[in-house]
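The structure under discussion appears below in the form of structure tokens.
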């Protein structure tokens, strides 16, 4: 059998070994799974504890149980040892039982894929404001057709991406990003149902250590003119400036980007 990891420096591993095309074929239409994504530098990753917690918590939510952290770490190590020191990595947890089954306690498999390292767009970005609320927002799950659909609608309207507004009119997150704002003194995190991103969690705990004020509050489009800047962040980067959401402009805020990137750099890199 031909292994997909025979093609190039990057791999697709199932449970710690090279996955075959036959093993991966059933996943082409699999929509009941969850994952975490990370940037690896020098064979190490920031916020490893947060990634493991995310996978553990989501597995319990979706499947009723989770794999031991040590087992997941061994799968991550196997993928890293097979590739270059700098790369992107995605770990997806799923059950071979597939979708549309009632099987609680199902066996869990882990698909680990690696690819070229990424750092995200330079920005500043213009975001369309679109009404949308994700199902199970606290879980980073697959099969979210709405996010790609809304991204493409936003680009067709001349924007770079889309930001989401919930039914109460609150800004929550963007398609594959968390949102953060700046009031001139403190970081403002939107109060809404969102996925707590790993980079967001890293930045928040390191900002505390750096003594940078931060708070959580509701943010609407009407509140934006009172703010001094905005960014998006995800596993690629701790901050890309946002110049506009909908028709509302946001000022450039280099004084905002600097502490976000400094906080991210303060997080130690850890080997699985």
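Residue numbers (the numbering used here): 905 to 1176.
Note that CB positions come from ideal geometry on N, CA and C, so glycine has one too.
| Check | Outcome |
| --- | --- |
| Checking contacts by CB at 8 Å: is residue 971 closer than that to chain B? | The question asks about chain B, but that chain is absent: this structure has only one protein chain. |
| Among residues of its own chain, excluding the 5 on either side of residue 1163, which ones have a beta-carbon nearer than 6 Å to its beta-carbon? | 1116 |
| Along the chain, where does the alpha helix (DSSP H) containing residue 1158 start, and where does it finish? | 1158–1170 |
| Determine the closest residue to residue 1155 out of 1137, 1165 and 1130, with distance taken between C-alpha atoms. | 1130 |
| Does the distance from the CB of residue 1024 to the CB of residue 1145 come in under 8 Å? | no |
| May I have the straight-line CA-CA distance separating residue 982 from residue 928, to the nearest angstrom? | 18 Å |
| Given a cut-off of 8 Å, decide if residue 939 and residue 994 are closer than it, judged by their beta-carbon atoms. | yes |
| Determine the extent of the alpha helix (DSSP H) in which residue 955 is found, giving its start and end residues. | 952–967 |
| According to DSSP, what are the bridge partners of residue 1018? | 993 |
| Identify the continuous beta strand (DSSP E) that holds residue 1133 and give its terminal residues. | 1133–1138 |
| Can you tell me whether residue 914 is helix, strand or coil according to DSSP? | coil |
| Can you tell me the Cα-Cα spacing of residue 1165 and residue 926, whole angstroms? | 42 Å |
| Output needed for residue 906: all residues of its chain with C-beta closer than 8 Å, excluding positions within five of it in sequence on either side, in chain order. | Annotation note: pLDDT 38 at residue 906 (below 50); position unreliable, coordinate value reported separately. Answer for residue 906: 924 and 925, listed in chain order. |
| In terms of residue numbering, what span does the alpha helix (DSSP H) encompassing residue 1029 cover? | Run containing residue 1029: none in the alpha helix (DSSP H); it sits in the beta strand (DSSP E), 1029–1035. |
| DSSP on residue 1182, reduced to helix/strand/coil? | Any answer about residue 1182 is impossible in this case: the structure gives the chain only from 905 up to 1176. |
| Within its chain, find whatever has a CB closer than 8 Å to the CB of residue 954; leave out the 5 residues flanking it on each side and keep chain order. | 1102, 1105 and 1106 |
| For residue 1173, which three-state DSSP category applies? | strand |
| Span of the beta strand (DSSP E) holding residue 940? | 937–945 |
| Under DSSP, the alpha helix (DSSP H) around residue 1107 begins and ends at which residues? | 1102–1114 |
| Roughly how many whole angstroms lie between the Cα atoms of residue 980 and residue 1032? | 36 Å |
| So for residue 1083, helix, strand or coil by DSSP? | strand |
| Should residue 1039 be labelled buried (16 or more other beta-carbon atoms within 10 Å of its own) or exposed? | exposed |
| I think residue 990 touches residue 1021, with their Cβ atoms under 8 Å apart; what is that distance to the nearest whole Å? | 5 Å |
| Contact check, residue 1123 vs residue 1074 under 8 Å by CB: the rounded distance? | 7 Å |
| Do the CB positions of residue 1070 and residue 1097 come within less than 8 Å of each other? | yes |
| Does DSSP put residue 1180 in a helix, a strand or coil? | Residue 1180 lies beyond the residue range present for the chain, which begins at 905 and ends at 1176; the question has no answer from this structure. |
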